[in-house]
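Colleague: Numbering that gives the first Met the number 0 puts the sequence shown at residues 0 to 256.
Where a beta carbon is used, it is the ideal one built from N, C-alpha and C, also for glycine.
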Amino acid sequence: MNLPNVLYSFYERRLASSLDREKLPRHIGVVLDGNRRWAKASGATTADGHQAGAEKIHEFLGWCDEFGIKVVTLYMLSTDNMGRPPEELSQLVGIIGNTLKRLGDGLANGHRVRVQAVGAPDLLPSGLAETLADLQARTADAEGVHVNVAVGYGGRREIVDAVKELLLEADAAGRSASEVAGELSDEQISGRLYTRGQPDPDLVIRTSGEQRLSGFLMWQSAYSEFYFCEALWPDFRRVDFVRALRDFASRQRRFGS
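(1) For serine 177, count neighbouring C-beta atoms within 10 Å of its own C-beta (all shown protein chains included) and say buried if the count is 16 or more, exposed if not.
(2) Where histidine 57 and arginine 242 are concerned, what is the direct C-alpha to C-alpha distance, given to the nearest angstrom?
(3) Measure the Cβ-Cβ separation of valine 114 and valine 148 and say whether it is below 8 Å.
(4) Output the boundary residues of the alpha helix (DSSP H) element that contains isoleucine 68.
(5) Between glycine 52 and tryptophan 232, what straight-line distance do the alpha-carbon atoms span, to the nearest angstrom?
(6) Alpha carbon to alpha carbon, how far is threonine 44 from aspartate 185?
(7) In three-state terms, what does DSSP make of leucine 76?
(8) For valine 5, write down the residues that DSSP places opposite it in a beta bridge.
(9) Whole angstroms is fine: what's the gap from leucine 23's alpha carbon to isoleucine 204's?
(10) Would you tell me roughly how many angstroms separate the C-alpha atoms of valine 159 and leucine 166, rounded to the nearest one?
(11) With a CB to CB cut of under 6 Å and the five nearest residues on each side skipped, what residues in its chain are close to valine 30?
(12) Below 8 Å between beta carbons: does that hold for glutamine 197 and valine 70?
(13) Tell me whether leucine 202 sits in a helix, a strand or coil according to DSSP, three-state version.
(14) Identify whether alanine 116 lies in helix, strand or coil by the three-state DSSP scheme.
(15) Have a look at Phe59, Gly173, Leu102 and Glu86 and flag the residue whose alpha-carbon is nearest the alpha-carbon of alanine 141.
(16) Which word fits alanine 40, buried or exposed, when buried means at least 16 other C-beta atoms lie within 10 angstroms of its C-beta?
(17) Tell me histidine 26's beta-bridge partners as DSSP assigns them.
(18) Is the beta carbon of glycine 151 closer than 8 Å to that of leucine 192?
(19) Could you tell me whether the Cβ atoms of phenylalanine 235 and glycine 208 are closer together than 8 Å?
(20) Using a threshold of 8 Å, state whether the C-beta atoms of leucine 244 and leucine 18 are closer than that.
(21) Roughly how many angstroms separate the alpha carbons of alanine 119 and alanine 132, rounded to a whole number?
(22) Indicate the three-state DSSP secondary structure (helix, strand or coil) for glutamate 178 in the structure shown.
(23) Alanine 172 to glutamate 11, Cα distance in whole Å?
(24) Considering only C-alpha positions, which residue in the set Val146, Arg155 and Arg250 is nearest to histidine 260?
Put into structure tokens, the structure is as follows:
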């Protein structure tokens with residue numbers, strides 16, 4: 000048996016056991032970054048990198064269930080990603096589709112996950128949009144982790160869509176723009192976001208060392224804590240996750256006060 004591995008495993012278990020479960024986040028958002036760089040560093044194809052990242056998702060959701068995380072939002076395909084080279088985009092869409100099917104059938108520590116589409120379906124290939132809609136319907140009553148799949152997602156697009164919905168509802172009710180403006184509130188926008196009815200993310204994790212949101216949950220993350228990890232997403236380990244949780248639990252959240 001490799002002694003360093005034994006010691007490392009002991010360290011990881013001790014770190015996990017020291018976490019105060021009462022101080023853990025309810026909702027975690029994750030920017031799954033670094034698949035292409037992982038592929039390049041590994042001498043693999045870009046598709047191999049995206050596939051490795053997809054495999055990590057299933058492992059990660061098991062960790063979330065283990066620590067009692069109720070909601071997870073995964074940033075899988077942004078509106079900007081839709082402009083990637085056609086061959087890469089086609090491969091990526093295929094991998095996402097297969098990942099979604101596995102999520103629908105798979106378990107996280109014995110519990111089926113509940114999947115919700117978060118994004119603009121009109122931006123997606125029809126097959127992927129249909130897969131998302133079917134998966135959302137089939138897992139609506141699942142009792143496991145609530146997984147928001149951000150595909151065809153952009154934070155600005157989400158806010159624009161929320162405002163459009165608000166204005167269309169007002170128009171259908173015969174209300175004027177001045178009436179809408181006079182009553183407009185944060186709650187009205189929040190109630191029309193893709194994540195409506197859910198708690199805002201307490202913690203947002205981004206892998207690969209990049210320190211920016213890239214339009215991820217722009218409205219919802221106003222008071223989120225951020226954790227930036229150097230590991231590329233396919234290399235993200237349970238101990239990296241535990242460290243993120245420990246860091247979150249140690250912070251004093253003031254919410255602007």
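Modeller: Put simply:
(1) So serine 177 counts as exposed.
(2) Counting only the Cα atoms, arginine 242 lies some 19 Å from histidine 57.
(3) Yes, the pair counts as a contact, with Cβ atoms nearer than the cut-off.
(4) For isoleucine 68, there is no enclosing alpha helix (DSSP H), since its DSSP letter is neither H nor E.
(5) In this structure, the alpha-carbon of glycine 52 lies about 6 Å from that of tryptophan 232.
(6) Near 44 Å, if we compare the C-alpha coordinates of aspartate 185 and threonine 44.
(7) DSSP places leucine 76 in strand when its eight states are reduced to three.
(8) Beta-bridge pairing links valine 5 to no other residue.
(9) A straight line joining the alpha-carbon of leucine 23 with that of isoleucine 204 spans about 14 Å.
(10) Roughly 11 Å between the two C-alpha positions.
(11) For valine 30, same chain residues with a beta-carbon under 6 Å away, outside a window of 5 residues either side, are Tyr74, Arg205 and Phe215 in chain order.
(12) Yes. Within cutoff.
(13) Looking at leucine 202 - three-state DSSP - the assignment turns out to be strand.
(14) Alanine 116 carries a strand assignment under DSSP once its states are collapsed to helix, strand and coil.
(15) Cα-wise, what sits closest to alanine 141 is Leu102.
(16) Exposed, by the Cβ-count rule.
(17) DSSP output for histidine 26 lists Val70 as bridge partner(s).
(18) Contact: no.
(19) The answer is no: Cβ separation not under 8 Å.
(20) Between leucine 244 and leucine 18, the CB-CB gap stays under 8 Å.
(21) C-alpha of alanine 119 to C-alpha of alanine 132: approximately 12 Å in a straight line.
(22) Secondary structure of glutamate 178 (DSSP, three-state): helix.
(23) The alpha-carbon atoms of alanine 172 and glutamate 11 are separated by roughly 57 Å.
(24) Missing from the structure shown is residue 260; the chain here goes from 0 to 256 and no further.
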